[in-house]
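Participant: Before I ask anything, let me first share the structure, which is written out below as structure tokens.
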Amino acid sequence: MLQRFPMTIPFGWFFVSYSDELAIGAVRPIHYFGRDLVLFRGESGAVGLLDAYCPHLGAHMGHGGTVEGDCLRCPFHHWAYRPDGFCADIPYARLMPPITRREPIARPYPVVEKNGVVWAWYHPDRIAPTFDVIEHAPFTDSGWSPPVRRFWSFASNPQEIAENGVDFAHFEYVHKMEAVPEGKTTYDGHIRRSSAHGERVAVLPDGTTRIIPSSVNTIQNGAGQKFTQLQGVVTLSLMVLATPVEADQVELRFCFTFPETDEGSPEHRAALMAIEYTCGQTGVEGDIPIWHHKIHRAQPLLCDGDGPILRFRHYFQQFYASEDAPQQMAAG
Numbered sequence: 001m002l003q004r005f006p007m008t009i010p011f012g013w014f015f016v017s018y019s020d021e022l023a024i025g026a027v028r029p030i031h032y033f034g035r036d037l038v039l040f041r042g043e044s045g046a047v048g049l050l051d052a053y054c055p056h057l058g059a060h061m062g063h064g065g066t067v068e069g070d071c072l073r074c075p076f077h078h079w080a081y082r083p084d085g086f087c088a089d090i091p092y093a094r095l096m097p098p099i100t101r102r103e104p105i106a107r108p109y110p111v112v113e114k115n116g117v118v119w120a121w122y123h124p125d126r127i128a129p130t131f132d133v134i135e136h137a138p139f140t141d142s143g144w145s146p147p148v149r150r151f152w153s154f155a156s157n158p159q160e161i162a163e164n165g166v167d168f169a170h171f172e173y174v175h176k177m178e179a180v181p182e183g184k185t186t187y188d189g190h191i192r193r194s195s196a197h198g199e200r201v202a203v204l205p206d207g208t209t210r211i212i213p214s215s216v217n218t219i220q221n222g223a224g225q226k227f228t229q230l231q232g233v234v235t236l237s238l239m240v241l242a243t244p245v246e247a248d249q250v251e252l253r254f255c256f257t258f259p260e261t262d263e264g265s266p267e268h269r270a271a272l273m274a275i276e277y278t279c280g281q282t283g284v285e286g287d288i289p290i291w292h293h294k295i296h297r298a299q300p301l302l303c304d305g306d307g308p309i310l311r312f313r314h315y316f317q318q319f320y321a322s323e324d325a326p327q328q329m330a331a332g
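Below, the structure is given as structure tokens:
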């Protein structure tokens, strides 16, 4: 049988929730990284993410589990688990099993909150985080609008989505762009930075058009964190949040902000128009049907003008456990 994707789930920091969607005391069942998980926020505000099934007798702690202090209590026998996976209490036990003092018995996942997002670290071999989440000023500083969010779910994976940014030829045929500005890209370990500058025809809120300078600056921090700043008629800051559900299923979120402006003003309307342009058929919604149905060619037949696809794959390959990395052509 033809295998759509030769890679498994990459490791790194990934979106699992927006911070404002997880209230104190909340318990949520979620499914990412091919696993059933339970996400909760303790009474101090601390967030925990554990494998969903209680190590005792297998109850799903995301359905009926409750928060007590900073612990999650299983709905079945009320065993209590800290965010680090240690069992803190068994209410009816005279003696706690010795293993509960030695090690976590509910698999924990490292979590941090930055940029209004709850990020979880996933590694198939349970290796601790090897780099940090980047803080991005437009999503933390004052003077920026409340975030505008979009969501899609489809059959693909984070590498396919990220690779799209270096596939220069598709911009003309999928997004109807006449030219892709020349850019510069640098690679530094797990971080990739790119910048491109040019001109484009912009439709203003009053319906008129004009040629304006534009730029796109991107920082990619591992497999799951990507920031893009788009500057033209308006400035948009975008978090691209691609979280693997399974090896061949992904949830994609775009989270935008822009400099604060009065609602209904020309600047505000221009920002919303730019968001719809980025998300609509001229943007990511033009890509999604292709991603949803395509396969990954590990040995692609490329020509000049395709863009630095192989160099990007060489960069991305570091985010797979060694036995899971796809065997691809060497980067030129």
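Residue numbers (UniProt numbering): 1 to 332. C-beta: ideal position from N, C-alpha, C; glycine also.
(1) Given this structure, state the Cα-to-Cα distance separating Cys279 from Pro97, to the nearest angstrom.
(2) Measure from the alpha carbon of Arg107 to the alpha carbon of each residue in Ile9, Cys303 and His56, then state which is nearest.
(3) What separation, rounded to the nearest whole angstrom, lies between the Cα atoms of Gly143 and Tyr173?
(4) Around the C-beta of Phe151, are 16 or more other C-beta atoms found within 10 angstroms, so that it is buried, or is it exposed?
(5) Going along the chain, which residues of its own chain have a beta-carbon closer than 6 Å to the beta-carbon of Pro129, five neighbours each way excluded?
(6) Give the C-beta separation of Pro308 and Thr186 to the nearest angstrom, bearing in mind that I take them to be a contact with Cβ-Cβ under 8 Å.
(7) Helix, strand or coil: how does DSSP classify Lys114 here?
(8) Hey, would you say Pro10 sits closer than 9 Å to Ala223, going by beta carbons?
(9) Hey, could you find the ends of the alpha helix (DSSP H) Pro266 is sitting in?
(10) Over the uninterrupted beta strand (DSSP E) stretch that includes Ile30, give me the two end residues.
(11) Any idea what DSSP makes of residue 338, helix, strand or coil?
(12) Quick check on Arg101: does DSSP put it in helix, strand or coil?
(13) List the residues that DSSP assigns as beta-bridge partners of Pro259.
(14) In whole angstroms, what is the alpha-carbon distance linking Tyr277 and Asp84?
(15) Please give me, in chain order, every unbroken run of the beta strand (DSSP E) with length at least 3 that falls completely inside the stretch 41-100.
(16) Is it true that the CB of Asp306 sits closer than 9 Å to the CB of Phe171?
(17) Could you tell me the alpha carbon to alpha carbon distance between Phe40 and Arg28, rounded to whole angstroms?
(18) What are the boundary residues of the alpha helix (DSSP H) that includes Asp132?
(19) Per the DSSP calculation, His197 is bridged to which residue(s)?
(20) Taking just the CA atoms, how far does Cys255 sit from Ser265?
(21) Taking DSSP as the reference, what is the three-state secondary structure of Asp20?
(22) Going by beta carbon distance, what residues of the same chain come within less than 6 Å of Ile191, once the five residues before and after it are set aside?
(23) For Arg35, collect the residues of the same chain with a Cβ closer than 8 Å to its Cβ; drop the 5 residues on either side in sequence, then sort them by chain order.
(24) What distance in whole Å lies between the Cβ atoms of Ala271 and Leu236, which are believed to be in contact at a cut-off of 8 Å?
Facilitator: In brief:
(1) Roughly 53 Å between the two C-alpha positions.
(2) Taking only the C-alpha atoms, the option nearest Arg107 is His56.
(3) Here the C-alpha atom of Gly143 lies approximately 37 Å from the C-alpha atom of Tyr173.
(4) Burial call: exposed.
(5) In chain order, Pro110 and Trp121 place their CB closer than 6 Å to the CB of Pro129, counting only its own chain and leaving out the 5 sequence neighbours on each side.
(6) At roughly 12 Å, the Cβ-Cβ gap does not stay under 8 Å, so Pro308 and Thr186 are not in contact.
(7) Residue state, collapsed to three classes: strand.
(8) Going by beta carbons, Pro10 and Ala223 fall inside the 9 Å limit.
(9) The continuous alpha helix (DSSP H) containing Pro266 extends over residues Pro266 to Cys279.
(10) First-last of the beta strand (DSSP E) with Ile30: Val27 to Tyr32.
(11) The chain is shown only over 1 to 332; residue 338 falls outside these bounds and no answer can be derived.
(12) For Arg101, the secondary structure class from DSSP, reduced to helix, strand or coil, is helix.
(13) Beta-bridge pairing links Pro259 to Trp144.
(14) The straight-line gap from Cα to Cα measures roughly 42 Å.
(15) The qualifying runs are 47-51, 66-68, 71-73 and 87-89.
(16) Result no, Cβ atoms of Phe171 and Asp306 do not sit closer than 9 Å.
(17) A straight-line Cα-Cα distance of about 6 Å links Phe40 and Arg28.
(18) Under the DSSP assignment, Asp132 falls outside any alpha helix (DSSP H); it carries neither an H nor an E label.
(19) Bridge partners of His197: Ser215.
(20) The straight-line gap from Cα to Cα measures roughly 21 Å.
(21) DSSP places Asp20 in helix when its eight states are reduced to three.
(22) If you ignore the 5 residues before and after Ile191, its C-beta comes within less than 6 Å of the C-beta of Asn221, all in its own chain and listed in chain order.
(23) Hits under 8 Å: Asp51 and Ala52.
(24) Confirmed, Cβ separation roughly 7 Å.
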